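Reviewing the structure listed below.
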Amino acid sequence: MDTINTLSICMQGIISAGLIMRVIFCATRLMHEEYEAARYKKRIRNSVVMLIIAQLIFPIKEILISYLGSGY
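If you read the sequence shown in numbering that gives the first Met the number 0, its first letter stands for residue 0, the second for the next number, and so on.
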């Protein structure tokens, strides 16, 4: 179980870093390509929503495991 917890923490960091880099990339593209502003704003919004969902999955998993037990 320790290995799974370590992997989930690593995945959480990798997902967060990737989505933050996507937001930064879209923000820089937004500054340079103003005629496609709506597209990049939508991509930034979707990335932020995905970041929030990805961050909420892990606490919900921990709550469910503590409430229902580990199944062993």
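Quick reminder that beta carbons are idealized off the backbone N, C-alpha and C, glycines included.
Because the structure is a prediction, the values reported are computed rather than measured.
Exercise for the section: Give a yes or no on whether the C-beta atoms belonging to Ile25 and Ile43 are separated by under 7 Å. Expected result: According to the sequence displayed, residue 25 carries Cys and not Ile. Yes, these two residues count as a Cβ contact at 7 Å.
Exercise for the section: For the alpha helix (DSSP H) containing Glu61, list its first residue and its last residue. Expected result: Element bounds for Glu61: 36 to 67.
Exercise for the section: Output yes if chain C places a C-beta closer than 7 Å to the C-beta of Phe57; else output no. Expected result: Absent from the structure is chain C; it holds one protein chain and no more.
Handout entry: Same chain, Cβ closer than 8 Å to Glu32, five either side skipped, listed in chain order
Key = Closer than 8 Å at Cβ, skipping near neighbours: Tyr39.
Exercise for the section: Go ahead and pull the three-state DSSP assignment for Glu33. Expected result: helix
Exercise for the section: Return the residue from the list Tyr34, Glu35, Ser46 that minimises the CA-CA distance to Gly92. Expected result: Absent from the model: residue 92. The displayed extent of the chain is 0 to 71, so no value can be given.
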